[in-house]
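What follows is a short report on a single structure.
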Amino acid sequence: MFTDSVELTVSSGKGGQGCVSFRREKFVLNGGPNGGDGGKGGDIWFKCDNNTHTLSAFQRKMHIKADNGKQGEGSNMTGKSGAKKVIIVPPGTQIIDMESGKVLFDMLEDGQEELFLTGGKGGLGNTHFKSSTRQRPTYAQPGQKGETRRIKFDLKLIADIGLVGFPNVGKSTLISTVSNAKPEIANYEFTTLTPKLGQVNIGDYESFIMADIPGIIGGASEGRGLGIKFLRHIERTKILLYMVDLASYRDLKEQIETLKSEIASFSDKLASSNFAIALTRVDVVPPDEINELVESFLDIIGVKATKNSEFDFDKNMPYFIQENVDETLGYDKNLPYFIVPISSATNKNIEPLKYALFNLVQQNR
16 MFTDSVELTV
26 SSGKGGQGCV
36 SFRREKFVLN
46 GGPNGGDGGK
56 GGDIWFKCDN
66 NTHTLSAFQR
76 KMHIKADNGK
86 QGEGSNMTGK
96 SGAKKVIIVP
106 PGTQIIDMES
116 GKVLFDMLED
126 GQEELFLTGG
136 KGGLGNTHFK
146 SSTRQRPTYA
156 QPGQKGETRR
166 IKFDLKLIAD
176 IGLVGFPNVG
186 KSTLISTVSN
196 AKPEIANYEF
206 TTLTPKLGQV
216 NIGDYESFIM
226 ADIPGIIGGA
236 SEGRGLGIKF
246 LRHIERTKIL
256 LYMVDLASYR
266 DLKEQIETLK
276 SEIASFSDKL
286 ASSNFAIALT
296 RVDVVPPDEI
306 NELVESFLDI
316 IGVKATKNSE
326 FDFDKNMPYF
336 IQENVDETLG
346 YDKNLPYFIV
356 PISSATNKNI
366 EPLKYALFNL
376 VQQNR
């Protein structure tokens with residue numbers, strides 16, 4: 016089960032108690048105190064690991080504790096320190112303080128480690144309390160208590176490209192076609208119930224990460240459907256790929272305007288991201304209607320075709336792509352970087368789509 020948010024209590028270890036002990040050896044009179052100090056309590060650390068992908072390991076854990084320090088011993092021997100507790104989380108996990116709501120750590124890179132809570136100090140043994148007037152101290156310090164905090168783990172997946180579209184628009188089919196992801200695919204809405212990540216390989220040495228989230232519907236920002244629950248998983252993406260279904264019962268204008276409206280309602284930052292548009296399922300549209308549909312869509316979003324104005328589907332090229340981009344200003348964020356009709360089922364225009372997306376990813380890195 017995909018788990019992307021958990022609340023729990025974490026505690027560092029308590030310090031060990033100091034020891035009350037006296038030196039006793041044959042033929043040695045008045046050996047004096049020799050009680051050792053208690054060991055330090057264990058610390059709480061967080062570590063980011065690429066081999067974990069969800070927070071499901073914490074689903075049934077209410078309280079995570081580090082080990083306590085051991086009591087000191089005679090002969091001035093210090094007690095063993097408590098082992099530190101390393102809590103492993105997937106990349107993209109935010110660690111939030113439940114009391115203040117402050118983001119304490121943002122775990123982004125594999126191998127990243129952060130010290131959170133320090134274990135309590137061990138108590139001093141009675142050897143520390145001897146003096147010329149107190150030659151037989153019979154007490155030692157208790158160990159200091161560890162720290163306890165209530166925290167929340169909030170997972171936001173890290174991806175280069177985020178797929179946005181209505182349910183059953185072909186997002187899962189696309190990500191399964193271009194990447195190593197294996198989402199469930201079926202001919203009904205809301206087949207995707209949890210976010211999916213896939214690595215898209217470009218040649219032998221280059222790749223980018225694509226994220227598929229459950230479909231968005233009108234009113235999602237008010238709690239309708241499933242998509243809004245997982246929109247935060249594409250908050251970290253700098254590029255959105257809007258997927259518009261040419262064969263849907265929904266009007267083309269309704270699709271793109273609803274999607275952009277729901278994204279804007281969720282996050283101004285996400286709404287200002289660079290984006291591209293894939294017009295899906297052209298394999299089920301009569302060939303003589305493709306040009307008309309695509310050109311109608313271009314009119315809706317206010318652009319003119321700059322490539323393949325007489326579109327030939329077999330040329331495998333984007334229908335529109337921004338050209339002559341000002342190096343200082345970058346892309347016009349009111350326009351898509353490119354628009355391309357695709358068919359994931361027949362692999363039409365899939366390779367051009369991959370390379371166009373990779374080019375956009377490189378521009379944003």
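Take 16 as the starting number for the sequence shown in my numbering and just add one per residue.
Ideal Cβ positions, reconstructed from N, Cα and C, are used throughout, including at glycine.
Note that the structure is predicted; figures quoted are calculated from it, not measured.
Once you ignore the five residues that flank residue i on each side, which residues in its own chain have a CB closer than 6 Å to its CB?
| i | result |
| --- | --- |
| Asn216 | Ser222 |
| Val54 | The question names Val, but residue 54 is Gly in the sequence shown. Taken in chain order, the residues that qualify are Gly31, Gly84, Lys85, Gly94, Lys95, Ser96 and Gly137. |
| Val179 | Leu255, Tyr257 and Leu274 |
| Gly177 | Ala226, Ile249, Thr252 and Leu255 |
| Ser359 | Gly185, Thr188, Leu189 and Thr192 |
| Lys160 | Lys29 and Gly135 |
| Leu132 | Ser27, Ile59 and Glu162 |
For residue i, is the classification buried or exposed, using 16 other Cβ atoms within 10 angstroms of its Cβ as the cut-off for buried?
| i | result |
| --- | --- |
| Phe281 | buried |
| Gln377 | exposed |
| Gln156 | buried |
| Asn141 | buried |
| Pro48 | buried |
| Ile296 | Checking the sequence, you will find Arg at residue 296 rather than Ile. Label assigned to Arg296: buried. |
| Asn364 | buried |
| Asp260 | buried |
| Lys117 | exposed |
| Leu44 | exposed |
| Phe42 | exposed |
| Asn339 | Residue placement at Asn339 is poorly supported in this model, since its pLDDT is 46, which falls under 50; the coordinates still yield a value, given next. Counting Cβ neighbours within 10 Å, Asn339 comes out exposed, since fewer than 16 surround it. |
| Lys284 | exposed |
| Asp19 | buried |
| Gln150 | exposed |
| Ser146 | exposed |
| Leu139 | buried |
| Gly218 | exposed |
Sorted by chain position, which residues of the same chain lie with C-beta nearer than 7 Å to residue i's C-beta, five sequence neighbours on each side aside?
| i | result |
| --- | --- |
| Leu246 | Ile228 and Phe281 |
| Gly293 | Correcting the residue type first, residue 293 is Ala in the shown sequence and not Gly. Cβ neighbours of Ala293 beyond the five flanking positions: Leu256, Met258, Val355, Ile357 and Leu368. |
| Asp82 | Gly28, Gly57, Gly97 and Ala98 |
| Gly46 | Phe37, Arg38, Arg39 and Glu40 |
| Asn65 | Pro106 and Asp125 |
| Asn289 | Lys253, Ile254, Tyr346, Lys348, Tyr352, Leu375 and Asn379 |
| Leu130 | Asp58 and Trp60 |
| Phe120 | Phe61, Ile110 and Glu129 |
My assumption, with CB atoms under 8 Å, is that residue i sits in contact with residue j. Please give the rounded CB distance.
| i | j | result |
| --- | --- | --- |
| Asp125 | Thr93 | That belief does not hold up - the Cβ atoms of Asp125 and Thr93 are roughly 36 Å apart, past 8 Å. |
| Ile224 | Asp175 | 5 Å |
| Phe168 | Phe73 | 7 Å |
| Ile173 | Gly107 | 4 Å |
| Glu114 | Arg38 | 48 Å between Cβ atoms; not a contact. |
| Met122 | Val104 | 5 Å |
| Gly87 | Gly33 | 5 Å |
| Lys268 | Ile305 | Not really, about 18 Å apart at Cβ, beyond 8 Å. |
| Lys211 | Glu128 | Not confirmed; about 28 Å, so no contact. |
| Asp298 | Thr361 | 5 Å |
| Thr153 | Val35 | 6 Å |
Can you tell me which of the three DSSP states residue i falls into?
| i | result |
| --- | --- |
| Asp121 | strand |
| His248 | helix |
| Asn374 | helix |
| Ala291 | strand |
| Ser236 | Here Ser236 scores only 45 on pLDDT, less than 50, and its place in the model is too uncertain to base an answer on. |
| Phe328 | Only weak support is given to the placement of Phe328: the predicted model assigns it a pLDDT of 45, under 50, and the question is left unresolved by the model. |
| Val299 | helix |
| Thr67 | coil |
| Pro367 | helix |
| Asp82 | coil |
| Ile357 | coil |
| Glu272 | helix |
| Val259 | strand |
| Thr148 | coil |
| Lys167 | strand |
| Ser187 | helix |
| Phe281 | helix |
| Ala226 | strand |
| Asn195 | coil |
| Thr108 | strand |
| Thr24 | strand |
| Lys29 | coil |
| Ile315 | helix |
| Thr207 | Caution is warranted here: a pLDDT of 48 is assigned to Thr207, below 50, making its placement in the model unreliable, and no coordinate value can be reported. |
| Glu221 | strand |
| Leu405 | As shown, the chain starts at 16 and ends at 380. That puts residue 405 outside it, with no answer to give. |
Can you find the residues in the same chain that come closer than 8 Å, C-beta to C-beta, to residue i, ignoring five residues on each side of it along the sequence?
| i | result |
| --- | --- |
| Gly238 | Residue placement at Gly238 cannot be trusted, given a pLDDT of 48 that sits under 50; what the coordinates show is reported in the next sentence. So the list is empty, once near-sequence residues are dropped. |
| Ala286 | Lys275, Ile278 and Ala279 |
| Val300 | Leu261, Ala262 and Leu308 |
| Leu70 | Thr18, Asp19, Ser20, Val21, Val104, Pro105, Thr108, Phe168 and Leu170 |
Determine, for residue i, whether the minimum Cβ-Cβ distance to residues of chain B falls below 7 Å.
| i | result |
| --- | --- |
| Lys99 | Checking the listed chains, one finds no chain B in this structure; it contains a single protein chain. |
**Q.** Meets three-Cβ-pair contact criterion under 8 Å: the segment 173-191 and the segment 70-78
**A.** no
Q: Evaluate contact between the segment 56-64 and the segment 17-29, counting only Cβ atoms and requiring at least three cross-stretch pairs below 8 Å.
A: As far as the Cβ criterion goes, the segment 56-64 touches the segment 17-29, which means the pair count is three or higher.
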